[in-house]
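These protein sequences, in sequence, are chains F and Z. Heads up: the first sequence at position 260 corresponds to 309 in this note's numbering, and the numbers run straight through without jumps. Heads up: the second sequence at position 45 corresponds to 57 in this note's numbering, and the numbers run straight through without jumps. First the structure, in the form of structure tokens, and then the observations on it.
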Amino acid sequence: MFFRKKKYIKLEPKETREIKKELWQKCPECGKLIYEGKLKENFKICPYCGNHFRFKTNEWLSLLIDNKFEEYDANLISGDPLDFKAVKSYTEKIKEEIKSTGLKEALTYGLAKINTFDVILSILDSSFIMGSMGSVVGEKFVRGCEKAIEKKIPFISICGGGGGARMYEGMFSLMQMVKTSQVVGKLKENNILYISILTDPTMGGIAASFAFLGDIIIAEPKALIGFAGPRVIEQTIKQKLPHGFQKSEFLYKHGMIDEIISRDKLKEKIIKILSIFYQ
Amino acid sequence: MEKIKELEFEKSLTKFTSAIERLENQQKSTQKDNRLPITKLQQELKEKTKEIYSNITPWQIVQIARHPQRPHTMDYINTIMEDFYELHGDRIHSDDPAIVAGIGKFNSRTIVFVGHQKGKNIEENIAINFGMAHPEGYRKALRVMKLAEKFKFPVITFIDTPGAYPHIQAEERNQALAIAQNLYEMAFLKTPIISIVIGEGGSGGALGIGVSDKILMLEYSIYSVISPEGCASILWKDQKAVEQASQALKLTASDLLKLGLIDVIIPEPLGAAHRNPSEAIKIVGSYIQKHIELLSTIPISEIVNTRYKKYRNIGLVLSEETEE
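Written out as structure tokens, the structure is:
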């Protein structure tokens, strides 16, 4: 007679301590718990592994700006050119996003003072429909560049656009890639410096248009940056991707970006670059 | 002639085509005169095809656009060009067969062509990667278009791809930049550019050779920011929602013309290009001729300015005051 040895499933003990969501944050990279206040103090960089938590528009502004930011075209909002109907309509989706983010669209731009320098600063916030590009994002980016040309000042773009071209606006979104790429040609014609700062995540149609066309391209550490999404690539090649694939360090190694700069050093680096170009 | 692979919604045509085939074979082997019933059946087949095609859904158009027997870029080149010389390689890394490029004579005018190349069967498709280009494909395209600019030869681009290739090596060589660079350079290219979507216009991979003065689409081709399958799985969380996704994305030629995003629809023969490739190629040739002639009368500075303005103005933007 045979007795089958009974198999036991090993259970991990449950986390006993109740984590108060508003006080503690778990780092998605190293899994350690970080006190929210400490995280904020530290530019939202994990003190244990250096992972950069995603920054929101207002956080970028307070990080970089010296007492002046004059926002332009703050009232622009998306229409629904396709009358897009899915499980949720585009109009509903936009309403929800406006409510949850406090932003009107994913991109904010305006005249900013960084140290002594006037610049046009554009911020693409990945919390608004993944920072995807529809008509408004395209239009505001272009107007930002045009403003920089008009004022003859540098153009700085901070980019967190994981959603690529926004599918709710169909081909209107795809064509924004042309619109935002060609305006970079106008910056060139007018000798306007364009610094492109890539943050987590910058993918698809955003990466394949204005994001990679900067005169200088800087990335935050460990940011996911690339064309095709990692899951799509995995499905295509039917194997796991190597660790660190499409991360800033990978891009740096392959010569795609100038430098990786951690957030606490970003402002001084920008000032250094501006000083070299303009003083 | 190779047998036409009928799509699911075309299956009701099979009984006519096989009956015609049977009668033709019988006529050949027994000398029996079947001409009358054959003509009658052909007429019925035509009516039935018209019926199916007059009531077609966007998802069915997606399937037609991807039909393996549709003419592909090299079928057009081989037929409409009197003489052509294919160019190879990006001069840096390799030659990407998913994008073909070259120069040739078309109605005694020198033109440059660039196009995604799809295959007719699995073997061909594996060899050319289903028309999905690597960065070197886009860089080859750009190099050849720059050559066109040097001699002011018009550029014709044929769009037919599921998208740019999602692969480790493609990312290592900066697929995103390869496409961005083409958008940037094509916007200012000092020679006329005409793009024709002949089958599948798959997102950024299509756009990477698609910036142009005139965008033409074949009647049953598609052009979309994402595949209906991708859209269905993201927004409906259901692969089977492709019908709704195809509808919602407005990816057909007639939708895109209504939205003002393309310039011209090129009509296809009855029952679409896969039923009559030679006729489809002929029609496309005549449209290319017409649009090259139209553009050739305009000074190049004006062409480039108009191109810039066209893309500058695409998009629907509202301001909050007008909403309230």
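Heads up, the beta-carbon is just placed ideally off N, CA and C, and yes, glycines get one too.
Boundaries around Z/Arg34 are those of the alpha helix (DSSP H), Thr26 to Thr42, since no beta strand (DSSP E) includes it. For Z/Leu159, the enclosing alpha helix (DSSP H) has its first and last residue at Pro147 to Phe163. Between Z/Leu328 and F/Gly187, the C-beta gap is not smaller than 7 Å, which leaves the two residues out of contact. Where Z/Arg121 is concerned, the enclosing beta strand (DSSP E) starts and stops at Arg121 to His128. Among the CB atoms of chain Z, none fall inside 7 Å of the CB of F/Thr248. Contact between Z/Thr91 and Z/Phe170 is ruled out by a C-beta separation of about 12 Å, above the 8 Å threshold. For F/Ile241, not one C-beta of chain Z is nearer than 7 Å to its own C-beta. Per the Cβ contact rule, the stretch 54-72 of chain Z is not in contact with the stretch 98-113 of chain Z (fewer than 3 Cβ pairs under 8 Å).
Among the CB atoms of chain F, none fall inside 7 Å of the CB of Z/Leu228.
In this structure Z/His286 is buried. Its beta-carbon is surrounded by 16 or more other beta-carbon atoms within 10 angstroms. Three or more beta-carbon pairs separated by less than 8 Å link the stretch 170-186 of chain F to the stretch 200-209 of chain F, which places the two stretches in contact. Assignment of beta-bridge partners to F/Tyr84 by DSSP yields F/Trp73. For F/Phe221, at least one C-beta of chain Z is nearer than 7 Å to its own C-beta. Using a CB distance below 7 Å, no part of the stretch 146-174 of chain Z faces chain F.
Residue contact with chain Z for F/Phe261: present (Cβ-Cβ distance below 7 Å to some residue of chain Z). If you ignore the 5 residues before and after Z/Pro80, its C-beta comes within less than 6 Å of the C-beta of Lys132, all in its own chain and listed in chain order.
Residues of chain F with a Cβ closer than 7 Å to the Cβ of Z/Ile238 are, in chain order, Met216.
As the crow flies, the alpha-carbon of F/Gln295 is around 11 Å from that of Z/His179. For F/Lys228, the chain Z residues whose C-beta falls within less than 8 Å of its own C-beta are Tyr323, Arg324, Ile326 and Gly327, listed in chain order. When secondary structure is reduced to three states using DSSP, F/Phe177 falls in the coil class, being assigned neither helix nor strand. Around the Cβ of Z/Gln43, a 10 Å sphere holds fewer than 16 other Cβ atoms; the residue is exposed. Annotation: the continuous alpha helix (DSSP H) that includes Z/Ala182 extends over Ile180 to Glu184. A distance below 7 Å between beta-carbons, with the five flanking residues on each side excluded, links Z/Gly149 to the following residues of its chain, in chain order: Asp108, Ala110 and Ile111. Excluding its 5 nearest sequence neighbours in each direction, F/Ala197 has C-beta neighbours in its own chain below 6 Å: Ile169, Phe204 and Ile241, listed in chain order.
Under the 10 Å beta carbon count, F/Ala277 is surrounded by 16 or more other beta carbons and is classified as buried. Identification of residues in the stretch 98-129 of chain Z having a C-beta nearer than 9 Å to some C-beta of chain F yields an empty set. Contact annotation: the stretch 263-275 of chain F touches the stretch 297-316 of chain F, with at least three C-beta pairs closer than 8 Å.
Three or more Cβ pairs closer than 8 Å define a contact, and the stretch 246-259 of chain F falls short of that threshold against the stretch 242-255 of chain Z.
Note that the C-beta distance between F/Gln74 and F/Glu90 is not below 7 Å.
One alpha carbon belongs to Z/Gly211, the other to F/Gly293, and they sit about 36 Å apart. Contact with chain Z is absent for F/Phe204, since none of that chain's Cβ atoms lies less than 7 Å from the residue's Cβ. For F/Lys314, the enclosing alpha helix (DSSP H) begins and ends at Arg312 to Tyr327. In the three-state reduction of the DSSP assignment, F/Ser245 falls in the strand class, which pools E and B. Among the residues facing chain F, Z/Phe96 is not included, as its CB has no counterpart in that chain under 7 Å away. From the listed residues Z/Arg324, Z/Ile205, Z/Lys321 and Z/Ala182, the smallest Cα separation to Z/Val126 is found for Z/Ile205.
With 16 or more other Cβ atoms inside 10 Å of its own Cβ, Z/Arg151 counts as buried.
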